[in-house]
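S.K.: Questions regarding the structure given below will be posed in turn.
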Amino acid sequence: MSAVQTHEVRAVAKWVRMSPRKARLVADHIRGRSVPEARTVLAFTQRAAAREVEKVLRSAVANAEANHGLLGDTLVISEAYVDEGPVMKRWRARARGRVARIKKPTCHITVKLVPGPDTARVPPTPPAALPAEEKTEQTSEPKAAEAKPKAQTTPRAKSKTSTGEKPRAPRKKKEEADS
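Just so we're on the same page, my numbering is the position in the sequence shown counted from 1, plus 8.
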């Protein structure tokens with residue numbers, strides 16, 4: 009058995025206020041492309057759906073980098089599809105007491121990424137360990153060092169009300185001052 013593990017990373021945008029048919033036209037352009045190439049295609053696509061698909065692509069790349077340690081530029085879009093969401097039905101008044109139906113469609117955009125042929129992983133960063141000498145110095149003096157800065161804080165200026173003076177009356181408006 010081979011221990012090759014393929015990470016499939018996905019991102020979904022649900023209830024996007026757009027017709028699924030219009031979003032599918034954009035999703036078809038990026039399917040099977042590498043991430044940098046797909047970003048370029050989406051940047052130069054005139055359709056409004058390109059902005060929404062680009063958001064989902066950025067989210068999928070961020071998921072791959074944060075959760076699986078993959079490099080975003082080496083990923084390939086394995087699947088990009090758009091499903092229908094619920095349709096919001098609205099009514100508009102028309103002549104002679106009739107109504108016209110208004111359908112406001114929504115869609116769910118899904119983008120799935122897989123590592124490309126030149127897969128690279130980001131090495132995990134090891135936690136920074138303090139040397140033994142620094143640990144011993146810090147353990148013996150931190151209580152005394154912490155107490156000094158707290159005691160040396162500058163006192164706050166006393167407000168005029170605490171010294172016995174009366175607070176100033178609010179300024180009069182210009183209209184009142186002129187008359």
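Beta carbons: idealized from backbone N, C-alpha and C, even for Gly.
Remember, it's a predicted structure, so these values are computed and weren't measured experimentally.
In three-state DSSP terms, what is K30?
M.R.: helix
S.K.: Between the beta-carbon of A88 and the beta-carbon of V61, is there less than 9 Å?
M.R.: yes
S.K.: Report yes if the CB atom of P94 is closer than 9 Å to the CB atom of T118, and no otherwise.
M.R.: no
S.K.: Return the Cβ separation of P125 and L83 in integer angstroms, given the expectation that the two are a contact with Cβ distance under 8 Å.
M.R.: The C-beta distance from P125 to L83 rounds to 11 Å, too long to meet the 8 Å contact threshold.
S.K.: Using the C-alpha atoms, what's the distance from K30 back to K111?
M.R.: Roughly 15 Å between the two C-alpha positions.
S.K.: Determine the direct distance from the alpha carbon of L65 to that of A51, and round the result to whole angstroms.
M.R.: 12 Å
S.K.: Have a look at A58, G77, A72 and flag the residue whose alpha-carbon is nearest the alpha-carbon of I38.
M.R.: A58
S.K.: Drop a sphere of 10 angstroms on the beta-carbon of V107, count the other beta-carbons inside from all chains shown, and report buried for 16 or more, exposed for fewer.
M.R.: exposed
S.K.: I need the straight-line Cα distance from A21 to R100, nearest angstrom please.
M.R.: Taking the CA atoms as reference points, A21 sits about 29 Å from R100.
S.K.: Can the beta-carbon of L121 be found less than 9 Å from the beta-carbon of S86?
M.R.: yes
S.K.: Using C-beta distances below 8 Å, list every residue in its chain close to V90, excluding the 5 sequence neighbours before and after it, in chain order.
M.R.: The residues are P28, A31, R32, A35, C115, H116, I117, T118.
S.K.: In angstroms with no decimal places, state the Cα-to-Cα distance between K63 and H15.
M.R.: About 21 Å.
S.K.: How many Å lie between P178 and R47 at the Cα?
M.R.: 58 Å
S.K.: Quick one: what's L121 bridged to in DSSP?
M.R.: V17, I85
S.K.: Just the C-alpha distance for A19 and P44, rounded to the nearest angstrom, thanks.
M.R.: 17 Å
S.K.: Give me the residue from G105, M26, P175, V17 with the minimum Cα distance to A72.
M.R.: Nearest to A72 by alpha-carbon distance, out of G105, M26, P175, V17, is V17.
S.K.: Using DSSP's beta-bridge definition, name the partner residues of S189.
M.R.: With the chain running from 9 to 187 in the structure shown, residue 189 is simply not present.
S.K.: Return the chain-ordered list of same chain residues with a C-beta closer than 7 Å to the C-beta of D81, the five sequence neighbours on each side being excluded.
M.R.: V43, P44
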